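*Asks:* Note that the sequence shown covers residues 2 to 153 in my numbering.
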Amino acid sequence: MGDDVKYKDAKSDLPYGSNAKRKVVPRRSCKKEDKVFFSTLSDKKLEKMTIKELNDYTREISKHQAQELKKRRRILKNRRYALKCRVKSIQKSVNMKEENLSLEKGLSAAKRELKTILSERDNYKSKYVQLYNHVFETFSASTAIRASKLAD
């Protein structure tokens with residue numbers, strides 16, 4: 002009756018509800034050869050390993066060494082992440098300084114342009130005042146001449 006089971010547990014190849022257990026690979030005890038095996042793994046290889054590869058690798062060594070190896074891997078990954086964050090922060094700082102410098106240059110150019118425009122405005126204003134005074138004097142003189150002619 003158990004042989005005709007059609008549904009399987011999603012996590013294993015065993016029939017659903019089966020009392021059978023997966024084959025467990027026993028860990029080896031800590032030996033001198035394990036230490037050599039443990040030390041031959043470079044930091045780069047350890048860091049690049051997938052979790053599955055790491056788990057397969059740790060089945061071959063003692064539990065204590067497996068914990069140490071995973072701890073070392075986590076430290077390496079944290080260091081890499083911290084370095085990445087520092088580089089990103091430094092790059093952001095450099096970009097902000099460059100942008101600030103660019104904005105300061107733009108501001109000083111705008112101030113120079115404003116100064117030039119204000120100077121032109123003052124020049125036109127003085128010409129306007131001179132012209133206004135000239136027209137007023139001419140108008141006043143012509144009005145005075147007309148008034149004197151009318152009075153005669």
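Just so you know, even glycine gets a beta-carbon here, dropped at the ideal spot from N, CA and C.
What you are looking at is a predicted structure, and each value in this text was computed from that prediction instead of being measured.
Here's the rule: buried if 16 or more other CB atoms are within 10 angstroms of the residue's CB, otherwise exposed. What is ILE91?
*Replies:* Locating residue 91 in the sequence shown gives position 90, where the first residue counts as 1. Exposed: under 16 other Cβ atoms inside 10 Å.
*Asks:* With DSSP as the reference, label THR51 as helix, strand or coil.
*Replies:* In the sequence shown, residue 51 corresponds to position 50, counting from 1. It is coil, neither helix nor strand.
*Asks:* Are there 16 or more other CB atoms within 10 angstroms of the CB of ILE62, so buried, or fewer, so exposed?
*Replies:* Translated into positions along the sequence shown, residue 62 becomes position 61. ILE62 comes out buried.
*Asks:* Answer yes or no: do LEU70 and LEU47 have a C-beta to C-beta separation smaller than 9 Å?
*Replies:* Position 69 of the sequence shown, counted from the start, is the residue given in the question as residue 70. Position 46 of the sequence shown, counted from the start, is the residue given in the question as residue 47. Yes, the pair counts as a contact, with Cβ atoms nearer than the cut-off.
*Asks:* Does DSSP put SER109 in a helix, a strand or coil?
*Replies:* Within the sequence shown, numbered from 1, the residue matching residue 109 stands at position 108. It is helical.
*Asks:* Less than 8 Å between C-beta atoms, sequence neighbours within five positions excluded: which residues of the same chain meet that for LYS33?
*Replies:* Here the question's residue 33 lines up with position 32 in the sequence shown. For LYS33, the predicted structure reports a pLDDT of 49, less than 50, and the residue's modelled location is therefore unreliable. The matter cannot be settled from this model.
*Asks:* Excluding the 5 residues preceding and the 5 following ARG73 in the sequence, name in chain order all residues of the same chain whose CB lies nearer than 7 Å to its CB.
*Replies:* Here residue 73 corresponds to residue number 72 of the sequence shown, with the count starting at 1. Once the five neighbours on either side are set aside, the close Cβ partners of ARG73 are LEU47.
*Asks:* Note down the Cα distance separating GLU138 from ALA148, rounded to an integer number of angstroms.
*Replies:* To locate residue 138, count along the sequence shown from 1; it is residue 137. To locate residue 148, count along the sequence shown from 1; it is residue 147. Spanning the two alpha carbons is a distance of roughly 15 Å.
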